[in-house]
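Protein chains in written order, with our numbering: chain A, 253 to 497; chain B, 176 to 604. All C-beta atoms, glycine included, are put in the ideal place defined by N, C-alpha and C. Just below is one structure, and these are the notes that go with it.
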């Protein structure tokens, strides 16, 4: 059943063999929020994003996207989300334009909406001059921009972005952050992202959740967390919280 | 057709056909290879044939009788002849000096000996200056000329002693062969029909093997490349059911593989045509005379086997890390295709040892080879059983593939060489 709460996660667990990746994780994201998951390597960030993107299933607990259960209503969830994996590739033998058209065809209701999405994708990617070239001729940064453009152009209700600016230079990373911000403000998009870049999280996110060993150890708006822990920046909060945990 | 299937299918076909490894390595090269091989073989055999004709035969006729003239004349008809006028002990050196391919010495008294009712020897020395086709063809030409002369001399000798037509004495039986095939009496010598059938029963499994190999390699690539290029995660989160993604991969691979197969078959057909022209024979006549009904039945059997091969390849590719390991994994399945095809190409399954027979029957791809045999012999009930067995296997493997695609196994399962297994999930982020 559809809900105005964008993400609802309760007591989520997931193990890979003997390794427990998530140990009863719970958090919520309201519609229109940008929520950042931060944590050290192995904290369970990507596992959480993959569960919400319907790629893998939790062992127990509940995960809902706009009210739809990610296990029982996976197809409905896929229709309203768009997922950007950390290492997202694109079909190397298609052109950038063909790739965007291919992706748009799953969401567009007619030819004109498909064209609109593709135009939007070209604009987000900033690849106007190279959009007809094969993806295999693109640099890593160009591929990342294409993948991000693909994720946002379809205007999902929830964008799940795993390290969205990974592999981008300072200028393009800034461009990507401003695009995400604009999409949320203009189109009411909800964003769940993970990042190692504390500055990015601090400037972009309305709220952040600190993950450590598969549990949420701290959560709140960046400014509030800094005040609470008397820290100059999120990095210091992160270090203090994970050291205690 | 679901709305999402068309773009998925288009993407599969475009991405596969534009991959140089597939386009060049699996479609263009194999299609070109056979005609080039055929043309090269034909050119070399034509040259060898010309060389064999141009090579002279040196003849030392010490008898100069009517009978010896028959031999010289027969040799002259088959190619160039050099008549030697030297002492017998110098003949060999002279023939070598004149670069002849052989020396034929007809001894003195040759004709008289024959007329007295005795066999008479002649000496034939063949010089091996080089190996290859030209020497073989020259030897054949010499043997055929001598055999022809021998027949003429036989007829002549019979005519000297009897009033009966020499042909009656030499070939008293007038043979009138016919062949009964699938209940029909055919006015064809059994040897010719056996040759044609053998050609059909060996060529069809070879072509089928090629088709299946292509399909498996391409299907495995279509899955593994998604992992290698990191596109799989994105694909699996699109609003398209996993079943449609699987279906697009199956149909797309089958389409591209069929293009490759058509290219290879056209190339193979041209190659065989070249070889038939070169050998002046038609060993594959049976293939072109197959009825359209039987051809349709063959296509159904091939489709059933192809579905199974594609699905098995896709299942295996799920466990591979990249294209190379997927193709290596799929290569292990070839044994299930090759062994039954080769065994049944030359032996009847009923004549095999019991254990081998039942092992073979259990292997699904055996039933493709059996189906082609049953089509040839018109045993359509048995053919239906074979095809049904293939379809049951195909359906079961498709169900398994569907389950794997619907689970997280498609992302997490891995087999590494040495069969050490681990899950990608261990790399938690």
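Review point. CB-CB under 8 Å to residue 459 (chain B), same chain, minus the five flanking residues each way: which ones, in chain order?
Key: Model confidence at residue 459 (chain B) stands at a pLDDT of 40, short of 50, so the residue's coordinates are unreliable; what they give is reported in the following sentence. Answer for residue 459 (chain B): 371, 374, 375, 378, 447, 451, listed in chain order.
Point to revise | Short-range partners of chain A found in the stretch 406–430 of chain B, where Cβ spacing is below 8 Å | key: 406, 408, 409, 411, 412, 413, 414, 415, 416
Exercise for review: Starting from residue 555 (chain B), follow the beta strand (DSSP E) in both directions and report where the run begins and ends.
Suggested key: That residue, residue 555 (chain B), is in no beta strand (DSSP E); its alpha helix (DSSP H) goes 555–581.
Check your understanding: At a CB-CB cut-off below 8 Å, which residues of chain A make contact with residue 493 (chain B)?
Key -> Residues of chain A passing the Cβ test: none, with the nearest at roughly 14 Å.
Check your understanding: Which partner residues does residue 467 (chain A) have in the DSSP bridge list?
Key -> A:464
Practice item. Return the chain-ordered ranges of every beta strand (DSSP E) run that is complete within the stretch 251–318 of chain B and spans a minimum of 3 residues. Key: 256–258, 277–281, 298–301
Check your understanding: Three or more C-beta pairs closer than 8 Å, one from the stretch 367–381 of chain A and one from the stretch 265–284 of chain A: is that the case here?
Key -> no
Review point. Applying a beta-carbon distance threshold of less than 8 Å, which residues of chain A neighbour residue 196 (chain B)?
Key: Residues of chain A passing the Cβ test: none, with the nearest at roughly 10 Å.
Check your understanding: Mind checking if residue 418 (chain A) is an interface residue toward chain B, Cβ cutoff 7 Å exclusive?
Key -> no
Check your understanding: Using a beta-carbon distance below 7 Å, is residue 463 (chain B) in contact with chain A?
Key -> Caution is warranted here: a pLDDT of 39 is assigned to residue 463 (chain B), below 50, making its placement in the model unreliable, and no coordinate value can be reported.
Practice item. Using three-state DSSP, classify residue 309 (chain A) as helix, strand or coil. Key: coil
**Study point:** Uninterrupted beta strand (DSSP E) stretches inside the stretch 256–311 of chain A (no shorter than 3 residues)
**Key:** 257–268, 271–282, 286–290
Check your understanding: Would you say residue 586 (chain B) faces chain A, with C-beta separation under 7 Å as the test?
Key -> yes
Review point. When you compare only the Cα positions, how much space is there between residue 537 (chain B) and residue 466 (chain B)?
Key: 30 Å
Practice item. Measure how close the beta-carbons of residue 201 (chain B) and residue 442 (chain B) come, nearest whole angstrom, since I'm counting them as under 8 Å. Key: Between residue 442 (chain B) and residue 201 (chain B) the Cβ distance is about 13 Å, and since that is not below 8 Å, they are no contact.
**Study point:** Reference residue 300 (chain B), options B:380, B:232, B:577, B:192, closest by Cα
**Key:** B:232
Review point. Pairing CB atoms from the stretch 190–198 of chain B with CB atoms from the stretch 268–286 of chain B, are three or more of them under 8 Å?
Key: no
Check your understanding: When burial is assigned at 16 or more other CB atoms within 10 Å of the CB, is residue 494 (chain B) buried or exposed?
Key -> buried
Exercise for review: Just mark residue 507 (chain B) as buried or exposed, buried being the case when its beta carbon has 16 or more other beta carbons within 10 Å.
Suggested key: exposed
Review point. Sorted by chain position, which residues of the same chain lie with C-beta nearer than 6 Å to residue 307 (chain A)'s C-beta, five sequence neighbours on each side aside?
Key: none
Review point. Could you give the uninterrupted runs of the alpha helix (DSSP H) lying entirely in the stretch 391–470 of chain B, keeping only those of 4 residues or more?
Key: 407–411, 417–454, 460–463
**Study point:** Rounded separation between residue 340 (chain B) and residue 227 (chain B) - CA only
**Key:** 36 Å
Practice item. Starting from the beta carbon of residue 357 (chain A), find every residue of chain B whose beta carbon is closer than 7 Å, and list them in chain order. Key: 182
Review point. For the stretch 322–372 of chain A, which segments carrying the beta strand (DSSP E) assignment without a break, of at least 3 residues, lie completely within its bounds, in sequence order?
Key: 333–336
Review point. Can you name the residues of chain B whose CB is closer than 8 Å to the CB of residue 264 (chain A)?
Key: Per Cβ cutoff of 8 Å: no residues; residue 264 (chain A) is ~14 Å from chain B at best.
Point to revise | Beta-carbon proximity of residue 446 (chain A) to residue 414 (chain A), cut-off 7 Å | key: yes
**Study point:** Local Cβ density within 10 Å of residue 260 (chain B), reported as buried at 16 or more and exposed below that
**Key:** exposed
Exercise for review: Find out if the Cβ-Cβ distance for the pair residue 329 (chain A), residue 322 (chain A) is shorter than 7 Å.
Suggested key: yes
Exercise for review: Starting from residue 360 (chain B), follow its DSSP beta bridges and name the residues at the other end.
Suggested key: B:355
Practice item. Would you mind telling me which residues of chain A sit closer than 8 Å to residue 498 (chain B), beta carbon to beta carbon, in chain order? Key: Near residue 498 (chain B) there are no residues of chain A at all, since even the closest Cβ is about 12 Å away, more than 8 Å.
Practice item. Kindly say whether residue 456 (chain B), judged by its beta-carbon, lies nearer than 7 Å to any beta-carbon of chain A. Key: For residue 456 (chain B), the predicted structure reports a pLDDT of 47, less than 50, and the residue's modelled location is therefore unreliable. A value from the coordinates is still provided. It does not; no Cβ of chain A falls within 7 Å.
Check your understanding: Quick one, are the C-beta atoms of residue 326 (chain A) and residue 442 (chain A) less than 7 Å apart?
Key -> no
Check your understanding: How about residue 474 (chain A) and residue 486 (chain A): are their beta carbons less than 7 Å apart?
Key -> yes
Check your understanding: If you draw a straight line from the alpha carbon of residue 540 (chain B) to that of residue 313 (chain A), how long is it in whole angstroms?
Key -> 45 Å
Review point. What number of angstroms, rounded off, separates the C-alpha of residue 178 (chain B) from the C-alpha of residue 580 (chain B)?
Key: 20 Å
Point to revise | residue 594 (chain B), buried or exposed, once every other Cβ within 10 Å from all chains shown has been counted against 16 | key: Caution is warranted here: a pLDDT of 46 is assigned to residue 594 (chain B), below 50, making its placement in the model unreliable, and no coordinate value can be reported.
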